[in-house]
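Those protein sequences? They're chains A and B, same order as listed.
The opening position of the first sequence corresponds to residue 731 in the working numbering, with each subsequent residue numbered one higher.
The opening position of the second sequence corresponds to residue 12 in the working numbering, with each subsequent residue numbered one higher.
Encoded as structure tokens, the structure appears first; notes follow it.
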Amino acid sequence: MKKIAINIKQVLAIAILVVTASACELDNYDAPNAQLSGTIIDEETNELVEQDIIRGTTIKIIEHGYDPVQPQYLRVKNDGTYANTLLFANTYTIQPELRNFVQVAEQEIQIGSDTKLDFRVQPYIRVKDASIVKEGTKIVATFKLQQTVPEVVSRIGLYAHAEPIVGEPIRSVASETQLGRTVDEDETFTLVIDAAENRAALKSGSQYFFRIGAVITVPEAKFNYAPAIRLTID
Amino acid sequence: MKIRILSIIMVMVLSVSGCRDVLDLRPLDKLDGETLFATPEGVRVYLANLYGQLPIEDFSFGRLGFNTANINTAGIAPATQTDDAANSEFSHLLDGGGNFQWWDPGYKLIRDINLLLETIPTVSSLNDADKATLLSEGHFLRAFTYFALVKRYGGVPLITSVQQYTPDVESLKVPRSTEQETWDFVLGECDAAIENLPTSRTEDNRRATKWVAYALKSRVALHAASLAKYWSKAPLSGPAVSQGLVGLESSLANHYYEQCIEASRKIMDEGGFSLHKPTPASPEEATANYMELFQNPNGAANEVIFTKGYTNPGSSGHSYDFWFNPNQTSDGAPHPGRMNPTLDFVDLYESYSNPGQRAPIVTTTDGNVNDYNGFNPSKTYLRFDTPYDIFKDKDARLWATVVLPGTEWKGKTIIIQGGYIQPDGTPKIETKDEIAVNGVTYYTYGAANWANYSGFEVYLGNMTRTGFSFKKFLSPNPVPPNLTYSTTDWIEFRYAEILLNYAEAVVESNYTANNAQATAKDAINAIRSRAGHTVDIELSLENVLRERRVELAFENKRYWDLVRRRDYHEVFNNTIRKALVPILDLRVSPAKYIFVRKNLSRENPLTFPTNFYYAHIPGVGANGLVQNPQY
């Protein structure tokens, strides 16, 4: 008797499984069939414009044919490249929104299976002649700044983190200076992080990434950077 | 055949009777304004509903909204969104205006208030004086409500009449007013409230008076003035900014500061209020006086301007005792200990021997208070006989607000200990362990059993991870271990806030008329004297702001102070809040206590992005409003 009862339970369980599994049918919508990728390039130096991966530059894209339409925002990778591989082929209006460069004109673009779009921009600040070296337990950064707009440079910083995506928003240690003035491109700035004073974050013998950044006082401006450098801490 | 004729007649009779107005009955489940407001009881019923909906940021307010005492909030209070405290269990991210969303309830309340304002003039049974008083009360409620909207969203649609439904939806859409127009509207509503509200009430004395309206105006004007002065610290861009829907011109700052000064001064000069027990004989007495003010606001009528009461345990109480007692005095509540005041906050309190300065807790002989890297064997730590000697000489209000390690609360010694240093010098910190030294067993957390200590173990999330527990507002008596069983009343406006508003506005605008500088200095020193200080300090922005933060701590002001002064994104930029870990040093005999300043354990670095200064406006697709920046 008991055995039969168990069998009924098993049958029931199988039946429920079958019924629920049959509900897992795929929907009949089309899959995304278009991709957009590209870079943000300094129009003068032809180098990629370094970015932040969180709270950094965003690109607004608005798909045509819907009203009202919710804009979509693309994030940009640290090295200044971006990609969205899950779009639908259509006409879009595209413009960067939050950014660390002077605004560029809005453009309409037909996005297809593999569309490329590079933004040639004027970064607010160029970090020049950047060098990050180790002196004992100290990490010393020296650099020059070239600002391309008249506003003041509000803050400069040297940022450290275990991951290469280091930046002002992602750092475990920072050495910052509030500048609040315009800068001359011949002026040399020096920032120092002493690992000995930050042992909770910077362990001896481990590798960390260091990156120099600066931000202008334009409303909502994002940081401009030099590329991150990897060093082993003493 | 007969049946057919009969049914024809029946149908005729029925349809003819349908032509009468038997269906035009007055509904039995609704009252019209004339009937409702015909009696004082009707007025009180309607007003009680409005006061109940009022956005008072009290014990029952948090990231889940207003009046949420009966919901599992995980004990996340507004204070744990700031640098004043952390939650013991969750290192939750900061909420922007977004998670304090209050749009639909706000406009529902505004509709109810507009109904009141439109109905009162039509009620024939009310005399003109009563009508004027009730209208002023309506304007107070509307000012309070729009203040809650404008500080979250910036400029909002100003709906000043009851909208009637029409199929033409477009005609019902009201665009956002500018932020300046909205602040001016709120201040205008305060003036309309002040005009005819009574100076005191003999019955229903928790309803608004003229002084409550002045107090609101003082708070509103200070908020607007600070925004005008500091908005450019965190500038935004986009359509909402270019249309003035968010943002205030800095040139408006002094105009608003002066309104704050005038409203505050009115209360100071004519309100008849004073500080509760202003001259304590000793810091110990000051501690007791300050605690009693919050444990029973009704015993401090001279200081309290406006309270929200809690009456029925189990239904309309709040849940502070449930969430925030230290683990050892939970009275059986399963999730105590959630409010952990931070070291950053404790550092702020002055010491009696060094007035006018924050007095950070010094733990080492080198006096370095900026090293948060944890225990360092090469440093020489100061040794203390008790876990609380290190706080001796600190402001009485610290002892009244925070449960310090080793102090008494609700008849128990609250044990907060983070570890020990073994006689051989091995540190055992924030880990469960025990060791026998000379026949005595020592435990890292200060006792063998989790029920007998209140700090640092991860167990159940019940233990403080900052080294401090919390007691301001908590009942000294046992409270049943369920949600909504706390009945301490909430003080929404008290005299000390008015003094601090006044002092801040005077300092910020460098106002001199009417002997303002000296009066403002007296104001902050009166508050300090009540806390047992005997040496007066100068009037400076730093002194006023420190005094405000410690005096009004955990009264849910800090969040908005960080917002209005645009300090949030600077205070929280990859910020890890700090802890003070009491550690038993077994290297010496008898064992002594040392303290380690360190980054909070199990804590994410917190950042407040600048777009959080305004909340996201819901439903812009349908209501057609301009969205706030970066949403």
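Beta carbons: idealized from backbone N, C-alpha and C, even for Gly.
Bear in mind the structure is a predicted one, so any value in this text is a computation, not a measurement.
- Interface criterion met: the Cβ of A:Arg901 is under 9 Å from a Cβ in chain B.
- When DSSP states are grouped into helix, strand and coil, A:Val851 belongs to the strand group.
- Taking 7 Å as the upper bound on Cβ-Cβ separation, chain A lies near residues Pro246, Leu247, Ser248 of the stretch 238-249 of chain B.
- Among the CB atoms of chain A, one or more fall inside 9 Å of the CB of B:Thr618.
- By the beta-carbon neighbour count (other beta carbons within 10 angstroms, threshold 16), B:Ala462 is exposed.
- Taking the beta carbon of B:Gly429 as reference, no residue of chain A falls within 7 Å; the closest one sits roughly 15 Å away.
- Residues of chain A whose Cβ lies closer than 9 Å to the Cβ of B:Tyr383 are, in chain order, Ala930.
- Below the 8 Å Cβ cutoff, chain A contributes Pro798, Gln800 as neighbours of B:Gly632, in chain order.
- In the structure shown, B:Ala370 adopts coil according to DSSP, grouped into three states.
- Looking at the backbone, the Cα of A:Asp914 and that of B:Ala236 are separated by about 36 Å.
- In the structure shown, A:Glu774 adopts coil according to DSSP, grouped into three states.
- The Cβ neighbour count for A:Ile746, taken over all protein chains shown within 10 Å, is under 16; the residue is labelled exposed.
- Per DSSP, A:Arg805 is one residue of the beta strand (DSSP E) stretching across 802-805.
- Considered as a whole, the stretch 462-538 of chain B harbours 506-520 as its complete alpha helix (DSSP H) runs of no fewer than 4 residues, in chain order.
- For A:Leu961, no chain B residue has a C-beta closer than 7 Å to its own C-beta; the minimum C-beta separation is roughly 20 Å.
- Taken through DSSP and simplified to helix, strand or coil, B:Glu295 comes out as helix.
- Take A:Gln802, set aside five residues on each side of it, and the residues of its chain with a beta-carbon closer than 6 Å to its own are Ile791, in chain order.
- Distance from B:Trp501 to B:Asp69 at the Cβ level is roughly 4 Å; contact confirmed, criterion being Cβ atoms closer than 8 Å.
- Within the model, the alpha-carbon separation for B:Cys271 versus B:Lys41 is close to 42 Å.
- Within the stretch 397-426 of chain B, the complete alpha helix (DSSP H) segments of 4 residues or longer fall at 407-412, listed in chain order.
- Ranked by how close their Cα comes to the Cα of B:Ser285, the residues B:Ala154, B:Tyr301, B:Arg588, B:Ala311 have B:Ala311 in first place.
- Leaving aside the five residues that flank A:Val857 on each side, the residues in its chain whose CB is nearer than 7 Å to its CB run, in chain order, Phe873, Leu875, Ile942, Ala944, Asn954, Tyr955, Ala956.
- Between the stretch 507-527 of chain B and the stretch 272-283 of chain B there are three or more C-beta pairs closer than 8 Å, enough to call the two in contact.
- The residue from B:Asn309, B:Leu597, B:Ser261, B:Ser188 with its alpha-carbon nearest to that of B:Ile440 is B:Leu597.
- The Cβ atoms of B:Thr91 and B:Asn351 sit closer than 9 Å to each other.
- For B:Gln641, the residues of chain A that pass the 9 Å Cβ criterion are Thr788, Glu827, Leu828, Glu950, in the order they occur in the chain.
- About 14 Å separates the CB atoms of B:Ser229 and B:Thr220; that is not less than 8 Å, and the two are not in contact.
- With a contact defined as Cβ atoms closer than 8 Å, A:Gly935 and A:Ile963 qualify at about 7 Å.
- With fewer than 16 other Cβ atoms from the protein chains shown falling within 10 Å of its own Cβ, A:Arg911 counts as exposed.
- Against chain B, the CB of A:Glu915 has no partner CB under 9 Å away; the residue lies outside that interface.
- Interface residue (Cβ-Cβ distance to chain A less than 9 Å): B:Val252 is classified as such.
- For B:Lys609, the closest Cβ of chain A is nearer than 9 Å.
- In the DSSP annotation of this structure, the continuous segment of the alpha helix (DSSP H) that includes B:Ser147 starts and ends at 139-164.
- The straight-line gap separating the alpha-carbon atoms of A:Ile923 and A:Ser905 is approximately 6 Å.
- Nearest C-alpha to A:Val903 among A:Ala925, A:Thr918, A:Phe919: A:Ala925.
- Burial of B:Met302 is indicated by the presence of at least 16 other C-beta atoms within 10 angstroms of its C-beta.
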